[in-house]
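Notes follow the structure.
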Amino acid sequence: MSGRLEIDGPLPGARFGATVRLDRPLGEATPEGLPQALADAGGLLLIPGRTEIGPAPALLVELSRLFGPEVEDYRNLLIGRHMVHETQPEILLVTNTVPGARPPPALPDPPLTADGKFPVQYPHRRGWHTDQSYRRPPPDISLFYAAVPVDRTRGQTLFASGILAYEALPPALKARVDGLQGLHAQPGSGRGRKEALAGTPPRAFAPHERSQPQPVVRTHPVTGERALYLCEYSQMDWFEGPFVGMQPGPHGDGAALLDELMAHYTRPEFVYVHEWTEGDLLIWDNRCLIHTATWYDPEKDRRVMWRTTVGGNPGPLYAGERKSWIPLDQAAV
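Residue numbering for the sequence shown follows the UniProt record's numbering, beginning at 1 and increasing consecutively.
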């Protein structure tokens, strides 16, 4: 049975996104209209009050399958099993508690801007990225569930719309980035801007860890809309990139272009700030959004979030490609 959706958009204070309310609990009906609602809302949905997921994590996995044929099995990522849900390998634990024990975003959180506003724009706000862009094909959709969020004034998640940002680019800059490729690197691989500025030699890559080229402007395979697609500091390759065919490194013309694009991409009019409440479920489209997070105090705050990742429709550019992140001698689970 398909459940009825009540959709209200855009999200408060934003020009995109929508809040979706379901007429019955998950498990009693299948909200089959969610994928179309996501496309119509510019790639971001908030479904509040889904506390039934907490005691029944399989509901999150079942919901994820509505958005594509491939729900990530996190055992394929070669990460510690302590970061994977004990009964649902499709759920990644994003938490500062044992056993997950992930650190929060770096302290301190940026101070308020000169006019006293909450800071969202790069470079004042850092950490903007789209999930797993260092893979080919990259993933499509992420679902993020607040099992135990921190106080609403901390640990927010910020989203920027690549569709709105691309539409607002000056014509000369549009012409410059159309057809350009960014070189995306896995965080922790030693190829970020910080390491390049310090002159730290990057470690050798295994084939499945190599940085991956991605178009700076992607055409959405469902809506046909064009959107900016890039990251910043730690998720771009600053030794060979950040852009293919431009001067590499943190002082080259590629760096100057990335800084210009990211400052534009994260302008306040393209951003939504989400303050979490227990049971909130956010669904976002990595093909047209970037996101970042604010700081929280790991000594005082307990935070438990669950994430699933959906792939299978990255667009014709990636047709027939082998998954770059799976070692050649290993089959996917």
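Built from N, CA and C at the ideal position, the CB exists for glycine as well.
Limits of the unbroken beta strand (DSSP E) element including residue i
| i | result |
| --- | --- |
| Ala39 | Segment Leu34 to Asp40 is the alpha helix (DSSP H) holding Ala39; no beta strand (DSSP E) there. |
| Ile290 | Leu289 to Ala293 |
| Ser64 | Looking at the DSSP string, Ser64 is not in any beta strand (DSSP E); the run it does join, the alpha helix (DSSP H), is Ala58 to Ser64. |
| Ala227 | Arg226 to Leu228 |
| Ala185 | Neither: Ala185 is in no beta strand (DSSP E) and is coded neither H nor E. |
| Met305 | Val304 to Gly311 |
| Trp284 | Leu281 to Asp285 |
| Arg218 | Val217 to Thr219 |
| Ala147 | Ile141 to Val148 |
| Ile47 | Leu44 to Ile47 |
Which of helix, strand or coil DSSP assigns to residue i
| i | result |
| --- | --- |
| Ala175 | helix |
| Ala255 | helix |
| Leu11 | coil |
| Leu5 | strand |
| His264 | helix |
| Phe118 | coil |
| His82 | helix |
| Tyr318 | helix |
| Met72 | For the sequence presented, residue 72 should be read as Glu rather than Met. DSSP places Glu72 in coil when its eight states are reduced to three. |
Closest Cα partner of residue i within the set the options
| i | options | result |
| --- | --- | --- |
| Glu269 | Ser161, Leu261, Ile91 and Thr308 | Ser161 |
| Cys231 | Gln181, His251 and Arg152 | Gln181 |
| Val310 | Glu321, Asp131 and Gly68 | Gly68 |
| Tyr122 | Asn286, Val304 and Ala263 | Ala263 |
| Gln186 | Lys174, Ala206 and Gly199 | Ala206 |
| Ala175 | Leu261, Asp151, Leu93 and Arg193 | Leu261 |
| Trp128 | Thr157, Lys117 and Val150 | Thr157 |
| Asp239 | Pro327, Glu195 and Gly3 | Checking the sequence shown, residue 239 turns out to be Phe, not Asp. Checking every option, the nearest Cα to that of Phe239 belongs to Glu195. |
| Leu22 | Phe243, Leu63 and Gly42 | Leu63 |
| Gly279 | Pro48, Asp253 and Val20 | Pro48 |
Residue interval of the alpha helix (DSSP H) (run including residue i)
| i | result |
| --- | --- |
| Gly162 | Gly162 to Glu167 |
| Ala196 | Arg193 to Ala198 |
Chain-order list of residues whose beta-carbon lies under 6 Å from that of residue i (same chain, five-residue window excluded)
| i | result |
| --- | --- |
| Glu225 | Ile163 |
| Tyr272 | Leu11, Ala14, Gly17 and Phe159 |
| Thr219 | Arg226 |
| Gly33 | Leu5 |
Sequence-distant residues of its chain with Cβ nearer than 7 Å to residue i (five each side left out)
| i | result |
| --- | --- |
| Thr60 | It is worth fixing the name first, because residue 60 is Leu in this sequence and not Thr. Taken in chain order, the residues that qualify are Ile53, Ile91, Leu143, Tyr145, Trp306 and Thr308. |
| Arg267 | Gln121 |
| Glu209 | Gln186 and Ser189 |
| residue 334 | Here the chain comprises residues numbered 1 to 333, so residue 334 is not present and cannot be evaluated. |
Cut-off 8 Å between Cβ atoms - residues of its own chain near residue i, not counting five sequence neighbours on either side
| i | result |
| --- | --- |
| Glu299 | none |
Could you check whether the region 164-173 touches the region 62-78, counting it as contact only if at least three pairs of C-beta atoms, one from each stretch, sit closer than 8 Å?
no
Taking contact to mean 3 or more Cβ pairs, one atom from each stretch, closer than 8 Å, check whether the region 292-303 and the region 80-88 are in contact.
no
Indicate whether the contact test is met: 3 or more Cβ pairs, each with one atom in the region 134-143 and one in the region 310-320, closer than 8 Å.
yes
For the region 32-52 against the region 273-291, are there 3 or more C-beta pairs whose distance is under 8 Å?
yes
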